[in-house]
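Visitor: I'd like to ask you about the structure that follows.
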Amino acid sequence: MSKINDILSPFTAWKNLVKEPVTIKEPLKREAAPRYRGFHKNDIETCIGCGTCESICQNAAIDLVPVEGIETKDGDSGLRPRIDYGRCCWCALCVDMCTTNSLSLSNHFKWVDTDPEVFRFTPGVDKKEWDNEEAGWKKPGSNYELYSKERTHMPELKPDNRDKSFIEIVQGYSKEQAMEEADRCVECGICVATCPAHMGIPEYIKAIRNDDLNEGLRILYDTNPLPEICGRICTHKCETVCSVGHQGDPLSIRWLKRYIADQNPSENYKQILETENMQKNGKKVAIIGSGPSGLSAAHYLALMGYECTIFEKLPQAGGMMRYGIPEYRLPYESIDKDVNYILSLGVEIKYNVTVGKDITLEDLNKQFDAVFSGTGLHLGRSTRIPGTDHPNVYQAVDLLRDIVLGNEVPVMKKIVVIGGGNVAMDITRSLARLQNQKFGKVDTLATSLESENEMPADREEVIEAREEYAIVEPGWGPVSIEMEDGKIKGLNVVKCVSVFDENRRFSPKFDENQTNFFAADMVVESIGQGMDLTYLPENIKENLKMDNRGRIVVNADFQSSLGWLFVGGDIIQGPDVIHGIANGHKAAMGIDKFLNNR
Amino acid sequence: MKTSKRFKINEDRSLFPPKNKDGKIDVDLSSGKYLKLWHGPQHPGITGNMSLELTVLGDEVMDCETHVGYLHRGFEKLMERRKYIQCFPIVCRVAVPEPDFNEYCFASGLEELAGIEVPEAAQWLRTLVLEMARLQSFLMWIGGQSGAFGMGVIGQWSIYLRDLVLDRFEELTGGRIYHMYIIPGGVRGLLPDGFRKRMEETLKTIDTFMVDIDKVMFNNAVFKKRSVGMGYIDPEWIYQFGITGPNARAAGVPNDVRKDFPYLKYAELDFEPVVGKDSDIYTRADVRRRDLLLSVDLIRQIMARIPDEGDIKAPTPNVLHWKVPQGETYRRAECSRGEYGYYMVSDGSEYPRRINVRGPSYTHAVALLEKMIINTNISDVAGLMVSLHTYPPEIER
Amino acid sequence: MTMKNNFEHIAQQFDITNVVAQRSDLTLLTVPSDKAASLITHLRDYEGYKHLVLLTAVDWIEQNQFQLTYLLSNPFKKVDVAVRTFIDREKAEITSIHHLWEQAATYQRELREMFGINFPGSPRVDKPFILEGWDQIPPYRRDFDTKKYSEETYFPRPGRETNDPREYMKKKLYPNED
Chain C
558 MSKINDILSP
568 FTAWKNLVKE
578 PVTIKEPLKR
588 EAAPRYRGFH
598 KNDIETCIGC
608 GTCESICQNA
618 AIDLVPVEGI
628 ETKDGDSGLR
638 PRIDYGRCCW
648 CALCVDMCTT
658 NSLSLSNHFK
668 WVDTDPEVFR
678 FTPGVDKKEW
688 DNEEAGWKKP
698 GSNYELYSKE
708 RTHMPELKPD
718 NRDKSFIEIV
728 QGYSKEQAME
738 EADRCVECGI
748 CVATCPAHMG
758 IPEYIKAIRN
768 DDLNEGLRIL
778 YDTNPLPEIC
788 GRICTHKCET
798 VCSVGHQGDP
808 LSIRWLKRYI
818 ADQNPSENYK
828 QILETENMQK
838 NGKKVAIIGS
848 GPSGLSAAHY
858 LALMGYECTI
868 FEKLPQAGGM
878 MRYGIPEYRL
888 PYESIDKDVN
898 YILSLGVEIK
908 YNVTVGKDIT
918 LEDLNKQFDA
928 VFSGTGLHLG
938 RSTRIPGTDH
948 PNVYQAVDLL
958 RDIVLGNEVP
968 VMKKIVVIGG
978 GNVAMDITRS
988 LARLQNQKFG
998 KVDTLATSLE
1008 SENEMPADRE
1018 EVIEAREEYA
1028 IVEPGWGPVS
1038 IEMEDGKIKG
1048 LNVVKCVSVF
1058 DENRRFSPKF
1068 DENQTNFFAA
1078 DMVVESIGQG
1088 MDLTYLPENI
1098 KENLKMDNRG
1108 RIVVNADFQS
1118 SLGWLFVGGD
1128 IIQGPDVIHG
1138 IANGHKAAMG
1148 IDKFLNNR
Chain A
14 MKTSKRFKIN
24 EDRSLFPPKN
34 KDGKIDVDLS
44 SGKYLKLWHG
54 PQHPGITGNM
64 SLELTVLGDE
74 VMDCETHVGY
84 LHRGFEKLME
94 RRKYIQCFPI
104 VCRVAVPEPD
114 FNEYCFASGL
124 EELAGIEVPE
134 AAQWLRTLVL
144 EMARLQSFLM
154 WIGGQSGAFG
164 MGVIGQWSIY
174 LRDLVLDRFE
184 ELTGGRIYHM
194 YIIPGGVRGL
204 LPDGFRKRME
214 ETLKTIDTFM
224 VDIDKVMFNN
234 AVFKKRSVGM
244 GYIDPEWIYQ
254 FGITGPNARA
264 AGVPNDVRKD
274 FPYLKYAELD
284 FEPVVGKDSD
294 IYTRADVRRR
304 DLLLSVDLIR
314 QIMARIPDEG
324 DIKAPTPNVL
334 HWKVPQGETY
344 RRAECSRGEY
354 GYYMVSDGSE
364 YPRRINVRGP
374 SYTHAVALLE
384 KMIINTNISD
394 VAGLMVSLHT
404 YPPEIER
Chain Y
79 MTMKNNFEHI
89 AQQFDITNVV
99 AQRSDLTLLT
109 VPSDKAASLI
119 THLRDYEGYK
129 HLVLLTAVDW
139 IEQNQFQLTY
149 LLSNPFKKVD
159 VAVRTFIDRE
169 KAEITSIHHL
179 WEQAATYQRE
189 LREMFGINFP
199 GSPRVDKPFI
209 LEGWDQIPPY
219 RRDFDTKKYS
229 EETYFPRPGR
239 ETNDPREYMK
249 KKLYPNED
């Protein structure tokens, strides 16, 4: 039997009759919590259309669509995400994964419309009432990351170990480091368009992740026959547009390329790249210059069956790669590994043969079906300031070449280098090492027109030069070289205020009141390079179309107006190794087209 | 098996058909004595969608067959086509009313296979979220249990309290029902500003209302008459049917995963499993009521110790291509209904090989119910069903 | 740990192989399919693994096998053991254990429906459990393609079209290059 308490106790519920009801009076006006996952917002200026949101969406709710008014350019695909609200589950993984932090959610949750098509919308482009509100889900802080933002550290020699010798500074990734770095890639593919050779970058990074380095090598050689070299000294324009780089460190694409090339031994190349049995098609092509463009053209022509002969002026192959880049950045064995593979395809290099002297261009035209010229920019330019005709004023390109040739290089106690690019840093650091070896101490100073932040040299080059006790003084313009008793005393400079005018044209402005003097025994000029086209005889030159700056004009196949002469490399585009490689590849395709249409 | 004491069932069962060995009777439908009744799938006595096919003789149930599958979304098959991080947004939808246990078991199974350790702050936050999930699940159940016996007003109160808890979820996790908060590696946010204050207010409101609910529901002659002595679960059946949670504890078997296989921060919290003695509907309700108050107390303990700052996620490999090492594991947690578990098998690729979800209702609502329901009155079927605290989504996933 | 976790004392009797100590309280072991039921009975009656946690199957289609996992738990010593056994995929059949645990009948019914594994004698094993009117192969098998099924059975709302950033940039920025 139930007790009397059990009958009376429920009546206490009646006290609620006099209480205030708890129902929300205006439910439609209720605002959600600040962190609520509501409708999408996108900052379309910051968004780069990388598509990482599309990859991670588990219900395939996101499409990338072109938007009127947003143009495709380097680092921005021009596409923007369009979200289908019939499929979205509002998990906000797209927001957490967004590489530029442009995608976010508002805390709005009410949207009523009679037209079902509006619920597939492009946030940021289709304007909505919640676009400018702050509240909503944003990527959490406190070390919440869905992929690693920090680059795997690359081991390098310390300054004390490297300032006396030309041993390679960068030591390369181990397998574990390479896997860690390759893991950071989000496979967006934006880097491919920026690479001048359009290398298959996401694919070879994936090959590293799958530990399939043979496949990686194949992918590299599809577009680039010099991976050992590029893996060390490429200008890595791809890394500047890497989408991970917007909120973290960009992928070390260059070091990963080096990892693949290093891990494959040269004996196995022919077997891995399936070039063991090469068929010749009977046609012959002559190539002038064994720099990147020449070697690349030779490689791709040889793959198509052409018999290629390279005419190289210097004793060894490589062009500016060997004779312009110091050994501590690019060791000779790496150059040899890449060149030897190309030689193994049946390409012949004739060393110490200068076209224009030992053999003429007309001879090449007669003996070969086509000619590719990649002679490069190997003449140094001079500032022509008073005093540059002194014998102790040198060109950086000449000194760099002499170091490699093993010739005697003049090294004096005090050296001043004029220039702010990578070549200037190369010669500065090379001379610093030689000074260390000869005198036991470094006294080299590099000065440039550009200020510290505008210097065209890579940041690491400047930092490492200073670590090696060279001095870098940016922001000065050379005025004259002072002499005393027929010997150089030093360089007079004046403060440079700006280098380019509003139209980005070279037009330096100086402040005459601020001057300086850098003491020196010898001066090295490194302000630019010029081409040497003296091998073109007059009768060929008058039929060759040139532009008003003296450069040969070529079509998209790098074919000059003389159909049998193809030109590429630094004299057309660059100056860059990767542009040379891309040009050589396209010229090889062009030569093939030209010879097959004849 | 004890029969109901209150309704004077004719103890002389000589008119009734004889039972065979497994306690069931041979039902001859053409005799006209029996009626097949379809109870559900939409019925106030079921917190979800499942139906019972009852064979009744008069108003006494002779045979029952459960029909599930109204909410089969094929999650286990879907997850085989999605990368691990893409499985994360869908696991919470397996057991709809109490989603956090799915997220936790999936995340911790994956962390165990991949060898990742979750930081301190994240573990506390996970414990908090799990206890809040149990709390709101019990509150919803109170509404269901009282509603099954016709006391609709208590459901209004408890759903209001649940709404307050959902408000706390909303500001902590960004969602009310599907929180998607416990991600493999950690959690997705720290406590927002003012959360402690508002949480304490919510808990105080719950405390006040629970006193009222105690008076109105548990000290209620009608409720007692309908539930005491009904729906008896024999302690012998606990392992036969895999009964866990309050259903088992009300039969006197003190199994509680938080004590037996401690996970997250439960080893540092101070509590004892809530046990009952008479294994009838009333005791199960009372065990759940005390379990609810225990959850409130645990939340207070957790809030006293939870840090305001710290790492919320351990570094994981890039989730877009996360290859999990080969292996198998089973992770369990104590949800409001019993032992919730995920059995995960990975084969070394980016996609799971097999994920099997073990929900407590799988055994409670199918095999156990079909046994318990024999000889109950039709009007008690709803109350009996809810007293087992079934959530059908986890039966058919 | 007690010798309950090592299973060395019964390893030879039941041909137990591949014992993996996954955690301190979870051991995985493999047993041939003809000895599985007797090992499970032994574990339940003599070793104290009274609680059947779950019974499920994994499809190893590459090896043409199903793996059945019986997860047992010892509620007194608080340890688990996962008994794994492999059966042939074409003739998928194994002894039923519904006589040990009444709940096993439900698991076996689901496995019959979803994987096509037969448990002769299990009550109502042929009756559909979750699906209604299913006429294709058991859906949890890996050769059942859910994407293909959904494309054939349902139709999506038209109007979705996506672009790959890399292909699009190629089309816009360097369309003539190879």
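As they're listed, the protein sequences go chains C, A and Y. Once you know that position 261 of the first sequence is 818 in our numbering, the rest is easy, because the numbers rise by one and skip nothing. Once you know that position 385 of the second sequence is 398 in our numbering, the rest is easy, because the numbers rise by one and skip nothing. Once you know that position 155 of the third sequence is 233 in our numbering, the rest is easy, because the numbers rise by one and skip nothing. The beta-carbon is built from N, C-alpha and C at its ideal position, and this holds for glycine as well. Given the structure is predicted, the values throughout are model-derived calculations rather than measurements.
According to DSSP, is Arg101(Y) helix, strand or coil?
Guide: In the structure shown, Arg101(Y) sits in a strand (DSSP, three-state: E or B).
Visitor: Check each residue of the segment 564-576 of chain C: if its Cβ is closer than 7 Å to any Cβ of chain A, include it; give the result in chain order.
Guide: When C-beta distances to chain A are compared with 7 Å, the residues of the segment 564-576 of chain C below that value are Ile564, Ser566, Pro567, Thr569 and Ala570, in chain order.
Visitor: List the endpoints of the continuous beta strand (DSSP E) containing Ile135(Y).
Guide: Looking at the sequence provided, one finds Ala at residue 135(Y) rather than Ile. From DSSP, the beta strand (DSSP E) with Ala135(Y) extends over His129 to Trp138.
Visitor: In whole angstroms, what separates the C-alpha of Gly805(C) from that of Arg1016(C)?
Guide: Whole-angstrom Cα-Cα distance: 18 Å.
Visitor: Let me make sure I understand the geometry here. Which of Gly1085(C), Gly746(C) and Ala1144(C) has the alpha-carbon closest to that of Pro1132(C)?
Guide: Gly1085(C)
Visitor: Closer than 8 Å by beta-carbon distance: list the chain A residues that pair up with Val743(C), in chain order.
Guide: Asn331 and Leu333
Visitor: Can you tell me whether DSSP reads Met1088(C) as helix, strand or coil?
Guide: coil
Visitor: Closer than 8 Å by C-beta to His377(A): which residues in its own chain qualify, once you throw out the five before and the five after it? Chain order, please.
Guide: Phe254, Ile256, Asn260, Arg350, Gly351, Leu401, His402 and Thr403
Visitor: Go to Met1103(C), then tell me how far its beta strand (DSSP E) extends in each direction, as first and last residue.
Guide: Met1103(C) -> no beta strand (DSSP E), and no H or E assigned at all.
Visitor: Quick check on this structure: which residue in Leu1048(C), Glu1025(C), Leu813(C) and Tyr889(C) has the alpha carbon closest to the alpha carbon of Ile942(C)?
Guide: Minimum Cα distance to Ile942(C) is reached at Leu1048(C).
Visitor: Lys248(Y) versus chain C: which residues are under 7 Å apart at the beta carbon?
Guide: Ala750
Visitor: If you measure from the beta carbon of Leu251(Y) to each beta carbon in chain C, is any gap under 9 Å?
Guide: yes
Visitor: Between Ala134(A) and chain C, is there a C-beta pair that is closer than 9 Å?
Guide: yes
Visitor: Any idea what DSSP makes of Met969(C), helix, strand or coil?
Guide: Met969(C) falls in the coil class under three-state DSSP.
Visitor: Between Asp176(A), Arg94(A), Phe231(A) and Val178(A), which has its C-alpha nearest Asp221(Y)'s C-alpha?
Guide: Arg94(A)
Visitor: Going by C-alpha distance, which of Met145(A), Lys384(A), Val131(A) and Leu84(A) is nearest Leu114(A)?
Guide: One detail in the question is off: residue 114(A) reads as Phe in this sequence, not Leu. Distance from the Cα of Phe114(A) is smallest, within the candidate group Met145(A), Lys384(A), Val131(A) and Leu84(A), for Met145(A).
Visitor: For Glu611(C), name the three-state secondary structure that DSSP assigns.
Guide: helix
Visitor: For Met14(A) and chain Y, any beta-carbon pair shorter than 9 Å?
Guide: Reliability of the predicted coordinates at Met14(A) is poor, the pLDDT of 44 falling under 50, and no value is obtained from them.
Visitor: Check each candidate in Asn573(C), Glu738(C) and Ser699(C) and name the one with the smallest Cα separation from Thr709(C).
Guide: It is Glu738(C).
Visitor: Sort out for me which residues DSSP pairs Ser1037(C) with in a bridge.
Guide: Asn1049(C)
Visitor: Is the distance from the Cβ of Gly862(C) to the Cβ of Lys837(C) below 9 Å?
Guide: yes
Visitor: Could you give the residue range of the alpha helix (DSSP H) that holds Arg175(A)?
Guide: Per DSSP, the unbroken alpha helix (DSSP H) holding Arg175(A) starts and ends at Gly165 to Thr186.
Visitor: My output table needs one value for Trp154(A): the three-state DSSP class, helix, strand or coil.
Guide: helix
Visitor: List the residues of chain C whose Cβ lies closer than 9 Å to the Cβ of Ala380(A), in chain order.
Guide: What Ala380(A) touches in chain C: nothing, since even the nearest Cβ is about 33 Å away.
Visitor: In the DSSP assignment, what residue or residues form a beta bridge with Trp668(C)?
Guide: DSSP lists no partner for Trp668(C).
Visitor: So the alpha helix (DSSP H) Trp812(C) belongs to, where does it begin and stop?
Guide: Taken as a continuous stretch (DSSP letters only), the alpha helix (DSSP H) holding Trp812(C) covers Ile810 to Gln820.
Visitor: Would you mind sorting Ile564(C) into buried or exposed? The rule is 16 or more other CB atoms within 10 Å of its CB.
Guide: exposed
Visitor: Quick one: residues in its chain with C-beta nearer than 6 Å to the C-beta of Asp1114(C), no 5 flanking neighbours on either side, listed in chain order?
Guide: For Asp1114(C), where only same-chain residues beyond five positions count, the Cβ hits under 6 Å are Gly1147.
Visitor: Within 9 Å of any Cβ in chain C, is that where the Cβ of Thr240(Y) sits?
Guide: The beta carbon of Thr240(Y) falls within 9 Å of a beta carbon belonging to chain C, placing the residue at that interface.
Visitor: Measuring alpha carbon to alpha carbon, tell me which residue in Thr329(A), Leu282(A), Leu333(A) and Arg239(A) is nearest Asp310(A).
Guide: Leu282(A)
Visitor: Alpha carbon to alpha carbon, how far is Val928(C) from Val1056(C)?
Guide: 39 Å
Visitor: Taking only the alpha-carbon atoms, compute the straight-line gap between Phe182(A) and Met316(A) and give it to the nearest angstrom.
Guide: In a straight line, the C-alpha of Phe182(A) is about 14 Å away from that of Met316(A).
Visitor: Where Arg990(C) and Asn1096(C) are concerned, what is the direct C-alpha to C-alpha distance, given to the nearest angstrom?
Guide: So the alpha carbons of these two residues sit roughly 47 Å apart.
Visitor: If we cut at 9 Å on Cβ distances, does Arg1108(C) have a partner in chain Y?
Guide: no
Visitor: Hey, how far is the Cα of Val358(A) from the Cα of Leu703(C)?
Guide: 23 Å
Visitor: Who are the neighbours of Pro591(C) on chain A, taking C-beta pairs under 8 Å?
Guide: The contacting residues are Glu184 and Pro205.
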